[in-house]
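Notes to accompany the following structure.
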Amino acid sequence: MKAGQYRELSPYLKERFEFCSSWVNARLSQNWLSLEEIDDYESDGTLKEWIEIRKENSFGDEPPGKIAPENCAIFSYNPYEPEETYLVWQDGKKEPLIWEYFGGDFLKFNDFKSYLEFIVGDKESDDSGRF
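In my numbering, the protein residues as written are 37 to 167.
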């Protein structure tokens with residue numbers, strides 16, 4: 037979420053964006069954003085507000101507040117509630133982590149494939165190790 041900062045799409049994310057650009061109500065009332073919307077997220081007042089709220093309330097290693105801006109990007113958000121999903125890149129890893137916030141909780145996945153497996157029911161829990 038740093039202006040002018042771009043990363044090469046990982047294999048899983050490349051497939052996701054080749055499949056579709058934006059996806060309204062893709063999961064938990066969150067709209068999956070297009071690459072253009074991700075790049076221009078600050079022009080969406082609601083999304084910008086949700087990100088600022090999340091930054092103010094981030095703990096530990098949670099995005100977006102505790103992650104360097106060049107290692108974090110918005111992926112999706114709920115236009116009605118402050119619920120978002122972030123991509124978080126780690127040194128030496130090609131695929132970013134997926135952090136999904138909803139209600140007062142979050143789910144964390146090691147990559148987009150793991151996230152999709154959870155969504156379709158092939159996994160029973162996230163990769164955070166909390167449950």
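No residue lacks a Cβ here, since even glycine has one placed at the ideal position from N, Cα and C. Only a predicted model underlies this, so the values are computations on that prediction, with no experimental measurement involved.
Would you grab the beta carbon distance between residue i and residue j for me? Rounded to a whole angstrom, and I think it's under 8 Å.
| i | j | result |
| --- | --- | --- |
| tyrosine 77 | isoleucine 110 | 5 Å |
| serine 46 | glutamate 131 | 5 Å |
| leucine 71 | phenylalanine 53 | 6 Å |
| serine 79 | leucine 69 | At roughly 12 Å, the Cβ-Cβ gap does not stay under 8 Å, so serine 79 and leucine 69 are not in contact. |
Starting from residue i, follow its DSSP beta bridges and name the residues at the other end.
| i | result |
| --- | --- |
| alanine 109 | Leu123 |
| leucine 133 | Val124 |
| arginine 90 | BP columns for arginine 90 are empty, so no partner. |
| asparagine 67 | Tyr113 |
| phenylalanine 138 | Asp141 |
Ends of the alpha helix (DSSP H) at residue i?
| i | result |
| --- | --- |
| aspartate 141 | No alpha helix (DSSP H) holds aspartate 141; the beta strand (DSSP E) holding it covers 141-145. |
| serine 52 | Position check: residue 52 holds arginine in this sequence, whereas serine was assumed. Residues 47-55. |
| aspartate 158 | Run containing aspartate 158: none; DSSP gives neither H nor E here. |
Under 8 Å, do residue i and residue j count as touching if we go by C-beta distance?
| i | j | result |
| --- | --- | --- |
| aspartate 163 | phenylalanine 145 | yes |
| tyrosine 48 | lysine 149 | yes |
| asparagine 107 | tryptophan 125 | yes |
Using a Cβ distance threshold of 8 Å, determine whether the region 63-83 contacts the region 102-121, with at least three qualifying pairs required.
Judged by Cβ distances under 8 Å, the region 63-83 makes contact with the region 102-121, as three or more pairs qualify.
Pairing CB atoms from the region 134-144 with CB atoms from the region 97-111, are three or more of them under 8 Å?
Contact between the region 134-144 and the region 97-111 is present, because at least three Cβ pairs lie under 8 Å.
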